[in-house]
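Shown next, in structure tokens, is the structure this report addresses.
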Amino acid sequence: MINAKEKMNWADMADKALSDVIPGREDALAILESNDDELLAVLDAAFRVRLHYHGREVRVHVLRNAKSGMCRENCAFCSQAIGSYSGVNRYTLQSVEQLVEGAREAHDRQAVKYCMVTATRGPSDKELDVICEAVERIKNDIPIEICTSLGLLNDEQAVRLARAGVHRFNHNLETSREYYPKVCQTHTYDDRVATIRAAKKAGMEVCCGGIIGMGESLQDRVDLAFALRDLEAESIPVNFMDPRPGTPLEDVPRLAPSECLKALAMFRLVNPQSEIRVAGGREVNLRHMQPLALYPANSIFTEGYLTTTGQGYERDMEMIKEAGFVVAELTPA
Ligand code: SF4
């Protein structure tokens with residue numbers, strides 16, 4: 007007897023996505039449920055779509071942990087929540103000079119995007135002053151696009167950032183609406199959606215993704231991918247759970263590499279034109295299969311993920327080159 011899942015025509019799914027007919031929710035779920043024997047066919051479908059919209063370019067981003075370890079929210083995965091016992095560095099917002107220097111280093115690393123991140127519920131007025139001054143200085147001196155990730159924003163704060171020159175604002179949904187209350191209780195999924203809408207309304211692009219492997223179902227992953235499509239997220243970071251000691255999710259097992267690859271393929275096929283970034287947890291979850299992530303994804307972080315280190319810039323560059331991809335350059339505005 008042929009299992010229904012074995013009847014999926016992955017090439018047909020790619021053809022449709024190339025004509026802007028994205029998979030339905032059932033087909034998206036079928037990608038995640040597919041047999042490992044079909045992994046290369048699934049990746050090939052995602053790669054055709056990636057190639058069409060993004061070529062062989064890999065967009066490199068660098069994160070800056072601008073304020074660390076003092077957040078009063080309670081996201082269960084996060085080592086920067088003040089209630090965790092993770093031992094991460096704790097410091098208040100870095101100076102304008104430090105933030106500008108970070109942008110210079112990111113530019114030296116061929117990054118197209120420099121993302122300043124603060125561990126916080128949302129920015130204070132003083133913090134916004136510092137961030138906006140840093141953004142203005144970076145824009146004057148360094149050819150790099152600027153992203154900020156500062157927690158929850160209201161409309162006025164979003165307008166200030168956009169006016170200062172922030173190109174993109176990051177705020178992840180993290181998971182599905184249904185699963186979100188299991189991950190965080192100090193703010194809601196709707197708070198997050200409102201922030202993303204405020205950023206869009208102010209004229210910034212949005213970077214919005216989530217974390218795979220927090221105990222959510224495959225359906226939750228599909229729901230997240232479709233929610234991001236509805237929000238028209240220009241950039242989707244797909245993180246893979248790297249359980250941090252001292253957090254409520256410290257005992258969650260890591261994912262199998264094939265599960266990560268199927269998730270990336272599903273996000274690509276549901277969001278063909280978005281920048282899909284294989285984000286935190288890349289090395290520890292994908293392990294030897296890591297280069298295959300570049301087939302569905304067209305973006306990476308290099309030089310680590312705020313509180314964890316990656317494999318390093320040199321190895322990232324080698325991986326991109328040896329897999330036959332090229333580092334994207336900044337397109338002049
Ligand atoms: S709001 Fe951000 S920094 Fe704070 S606990 Fe949640 S994920 Fe961590």
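7 is the number of the first residue of the sequence shown in my numbering; add one for each residue after it.
Every residue, glycine too, gets a C-beta built ideally from N, C-alpha and C.
query	result
Inter-residue Cα distance where the pair is lysine 22 and glutamate 39	20 Å
Closer than 7 Å: alanine 125 CB and nearest the ligand SF4 heavy atom	yes
Buried or exposed (CB count within 10 angstroms, at least 16 for buried), tyrosine 91	exposed
First and last residue of the uninterrupted beta strand (DSSP E) at isoleucine 282	281 to 284
Histidine 58, buried or exposed, once every other Cβ within 10 Å from all chains shown has been counted against 16	exposed
Other residues of its chain near methionine 210: CB distance less than 8 Å, five sequence neighbours each side excluded	Ala164, Leu167, Ala168, Val172, His173, Arg174 and Phe175
Own chain residues within Cβ distance below 8 Å of lysine 207, not counting five before or after	Asp161 and Ala164
Whether valine 64 touches valine 290 by CB criterion (8 Å)	no
C-alpha distance - glycine 316 paired with arginine 293, whole-angstrom precision	11 Å
Contact test: leucine 286 Cβ vs the ligand SF4 heavy atom, cutoff 7 Å	Sequence inspection shows glycine at residue 286; the leucine mentioned does not correspond to that position. Every heavy atom of the ligand SF4 is 7 Å or more from the Cβ of glycine 286, so no.
Residue span of the beta strand (DSSP E) that contains serine 155, given as start and end	151 to 155
Beta-carbon gap between alanine 109 and isoleucine 137 smaller than 8 Å	no
Glycine 157 Cβ short of 7 Å to the ligand SF4 heavy atom set	yes
Cβ-heavy atom distance, cysteine 121 to the ligand SF4, below 7 Å	no
Paired residues, beta bridge with valine 212 - DSSP	Phe175
Selection from Glu103, Cys121 and Leu156 that minimises the alpha carbon distance to proline 129	Leu156
Residues that DSSP places opposite tyrosine 97 in a beta bridge	Ser74
Local conformation of cysteine 266 per DSSP, three classes	helix
Short Cβ contact (8 Å threshold) for alanine 269 with arginine 227	yes
The beta strand (DSSP E) enclosing isoleucine 242, as first and last residue numbers	241 to 246
For tyrosine 120, the first and last residue of its enclosing alpha helix (DSSP H)	Unbroken run through tyrosine 120 is the beta strand (DSSP E), 119 to 124; no alpha helix (DSSP H).
Member of Ala299, Tyr319, Glu335 and Met247 whose CA lies at the smallest distance from the CA of alanine 329	Ala299
Residue from Ala271, Gly221, Met323 and Thr308 whose Cα sits closest to the Cα of leucine 45	Ala271
Contact the stretch 63 to 79 vs the stretch 95 to 110: 3+ CB pairs below 8 Å	yes
Glutamate 133 beta carbon near the ligand SF4 (any heavy atom closer than 7 Å)	no
Chain-order list of residues whose beta-carbon lies under 7 Å from that of leucine 230 (same chain, five-residue window excluded)	Leu179, Thr181, Ser182 and Gly216
Check: alanine 87 C-beta below 7 Å from any heavy atom of the ligand SF4	yes
Three-state class that DSSP yields for isoleucine 88 in the structure shown	coil
Per-residue burial, aspartate 114 [other beta carbons within 10 Å of its own, 16 or more giving buried]	exposed
Proximity winner among Asp147, Met19, Arg31 and Glu240, relative to aspartate 50 (alpha-carbon distances)	Met19
Integer-rounded CB distance, given that alanine 205 should sit under 8 Å from leucine 159	6 Å
Extent of the continuous beta strand (DSSP E) to which phenylalanine 307 belongs	305 to 307
Alpha helix (DSSP H) segment containing glycine 108, residue limits	102 to 114
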